[in-house]
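Numbering (our numbering), first residue to last: 13 to 642.
Backbone N, C-alpha and C define an ideal beta-carbon position, used for all residues, glycine too.
Just so we're clear, the structure is a prediction, and the values are computed from it rather than from any experiment.
As structure tokens, this is what we get:
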């Protein structure tokens, strides 16, 4: 057994891509593929006129061949005669590059030679891990962010010229890319992949993708990659039954498939499969300088009965529904990622109440450092689509999140999943006419930025796009020619800047000391008022009104400050609002009137479908003038 395969089969190896796949030889390239149960494997490609060249099998189940004429960009495939007697042309599971759809060949590629210029960014992240700072994430589908006039997508290099400048100008400090790992079907958005080591060739070469990441880093923007280790598609050239057996997937029919997705499930109990996935994760962090991975569909990995109807699932060895092998894999995945990059962001899309997702394995956790707050997203989307009159009966949709807000290190996502399939865009969720919709977008976004947790917004929501996202076209950039849309777009941009400038809005995201309800129970008026606090005691107040009418002289208790200054008002006329509430920089005096459990209070106008953000200063000299409220 070679030392490499000893690692692959018996240890934890996150660099399997340096051995398996196609690699430079003294002359040409050496090709290696793991297919232990295959009866025969041959190699065919541009370099041999697509004539089958017999590969040699070693004792580890690895087949190898050196093609002296092979060169970069040559296409190739493995011709695998499996244990079942069928012969199938397979793409290389470890290929660095792939033929552009509808072709499915692998392509020879040399990763070396790209001159990275992002050293300053990487040094900054190492010194100040992003998970501890403000995280404003702009979620992007590269193929539909912006397009040429003829409808074709921008290339990686073209995106490198436009995307970083836009993201930076909007105040976001991270992008999250829907999967770029090679995939055959546009409609899957990348969530059914075939190439776990190849950035999709739809937009260019691996070096071109490196250039995009590099440009984002130079602009001060980090990159999170949506990564899919839970399942893979059943295209014949991919991983499915690779050597005529269930090599990468479970062999048990009660475990091997997600019928609802039409995909196979990785066998997390098999060492070689775990190392395949660990190597893929490490590869993107190491070779492409990716700053983090958003791990898709974690819930489907954790539960053996996930999406399996009628009891068609197999319990674990203890009789439970938990996938013990997947749990151990996820822990190992996170340990591997942090060993490669201690500052990495490892984000779980976990949609259940699985405990301790963002706690270390030694404390019984899964080891992620961030988790999408799916409950918050679902509750808020339900609330926002409701006629404002009926919101009073569903007030818990905007307050319940605080029951569990500090149980994990959360990201608040308004993601791609919430702006497709008849769910409506962010603006489209808002009832009423254009004015109410835009006011609702501004008010909601201020509430989202002030709520504990990191933030993620899917592209187009900021324009604000009216119709649902369509991956076949580009965002509705023409909306910025409309003064009302342009004003809302600018409002969101300035809110992003306010968020990043004020530590009170992000420094204590995981601690009750960073949050305090001032008004939580005014469902009749659809009003919320709460306080955010940084570690030095600096405070901001956010007052939100989800009703379409303003509330004048609204009084609520506040901390012991002499006055409060308006930092932001989403209803300001400059954003297209009604201008009924105090504009930015207005000073509001605190009065010694008890209210809401405080000895002093503040009275202000809370605008319709809007939010006001305040900062206090000075100390109030206590002198009661009488009266109570709340």
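Asked                                                                                                                                                                                               : Found
Report the three-state DSSP secondary structure of residue 474 (helix, strand or coil).                                                                                                             : coil
Taking 7 angstroms as the threshold (C-beta atoms), are residue 407 and residue 514 in contact?                                                                                                     : no
Using three-state DSSP, classify residue 391 as helix, strand or coil.                                                                                                                              : helix
Rounded C-beta distance between residue 91 and residue 75? I'm assuming under 8 angstroms.                                                                                                          : Contact flag wrong, Cβ pair sits at about 11 angstroms.
Output the distance between the C-alpha atoms of residue 25 and residue 233, rounded to the nearest integer angstrom.                                                                               : 30 angstroms
Assuming residue 355 and residue 138 are in contact, meaning their beta carbons sit under 8 angstroms apart, how far apart are those beta carbons, in whole angstroms?                              : 6 angstroms
Could you give the distance in angstroms between the alpha-carbon of residue 545 and the alpha-carbon of residue 466?                                                                               : 15 angstroms
To the nearest whole angstrom, what separates the beta carbons of residue 151 and residue 470, a pair I think is in contact under 8 angstroms?                                                      : 5 angstroms
Do residue 79 and residue 31 have their CB atoms nearer than 7 angstroms?                                                                                                                           : no
Between the segment 445-464 and the segment 502-513, do three or more beta carbon pairs fall short of 8 angstroms?                                                                                  : yes
Which word fits residue 489, buried or exposed, when buried means at least 16 other C-beta atoms lie within 10 angstroms of its C-beta?                                                             : exposed
Using the Cα positions of residue 625 and residue 401, report the straight-line distance between them to the nearest angstrom.                                                                      : 24 angstroms
Relative to the C-alpha of residue 195, which candidate in 383, 226, 427, 243 has its C-alpha closest?                                                                                              : 243
Terminal residues of the continuous beta strand (DSSP E) containing residue 577?                                                                                                                    : 575-581
May I ask you to verify whether the segment 578-595 touches the segment 427-434, counting CB pairs closer than 8 angstroms and requiring at least 3?                                                : no
Going by DSSP in three states, residue 173 sits in which element: helix, strand or coil?                                                                                                            : helix
When we look at the beta-carbon of residue 412 and count the other beta-carbons within 10 Å, is it buried (16 or more) or exposed?                                                                  : exposed
At what residues does the alpha helix (DSSP H) containing residue 8 begin and finish?                                                                                                               : A query on residue 8 cannot be resolved here, the shown segment of the chain reaching from 13 to 642 and no further.
Just to confirm my understanding: we take residue 423, look at its own chain, exclude 5 residues before and 5 after, and list those with CB closer than 8 angstroms. What are they?                 : 147, 149, 359, 382, 383, 384, 385, 465, 466, 467, 468
Kindly examine the ligand SAM and report whether one of its heavy atoms sits closer than 6 angstroms to the Cβ of residue 32.                                                                       : Summarising the ligand content, the structure contains no ligands, and the ligand SAM is consequently not present.
For residue 502, does the three-state DSSP call read helix, strand or coil?                                                                                                                         : helix
Enumerate in chain order the residues of its own chain whose CB-to-CB distance from residue 224 is below 7 angstroms, with the five nearest sequence positions on each side excluded.               : 168, 171, 172
Quick check on residue 335: buried or exposed, where buried means 16 or more other Cβ atoms within 10 Å of its Cβ?                                                                                  : buried
So what does DSSP say about residue 398, is it helix, strand or coil?                                                                                                                               : coil
Please work out which residues of its chain come closer than 8 angstroms, Cβ to Cβ, to residue 51, disregarding the five sequence neighbours upstream and downstream, and give them in chain order. : 93, 94, 95, 97, 256
For the segment 339-346 against the segment 287-296, do three or more pairs of beta-carbon atoms, one drawn from each stretch, fall closer than 8 angstroms, so that the two count as touching?     : yes
In whole angstroms, what separates the C-alpha of residue 249 from that of residue 116?                                                                                                             : 7 angstroms
Measuring CA to CA, which of 564, 324, 518 is closest to residue 543?                                                                                                                               : 518
Give a yes or no on whether 7 angstroms exceeds the smallest Cβ distance from residue 293 to chain C.                                                                                               : This model lacks chain C altogether, as it is built from one protein chain only.
Cα-Cα, which of 268, 185, 207, 562 is closest to residue 231?                                                                                                                                       : 185
So, using beta-carbon positions, are residue 607 and residue 565 closer together than 7 angstroms?                                                                                                  : no
According to DSSP, which residues form a beta bridge with residue 254?                                                                                                                              : DSSP, once it has assigned bridges, lists no residue as partnering residue 254.
According to DSSP, simplified to helix, strand and coil, what is residue 280?                                                                                                                       : coil
Could you give the residue range of the beta strand (DSSP E) that holds residue 74?                                                                                                                 : 74-79
Please report the residue range of the beta strand (DSSP E) in which residue 553 lies.                                                                                                              : 551-557
Hey, how far is the Cα of residue 642 from the Cα of residue 605?                                                                                                                                   : Only weak support exists for where residue 642 lies, its pLDDT of 43 falling under 50; the value from the coordinates is given anyway. Cα-Cα distance, rounded: 12 angstroms.
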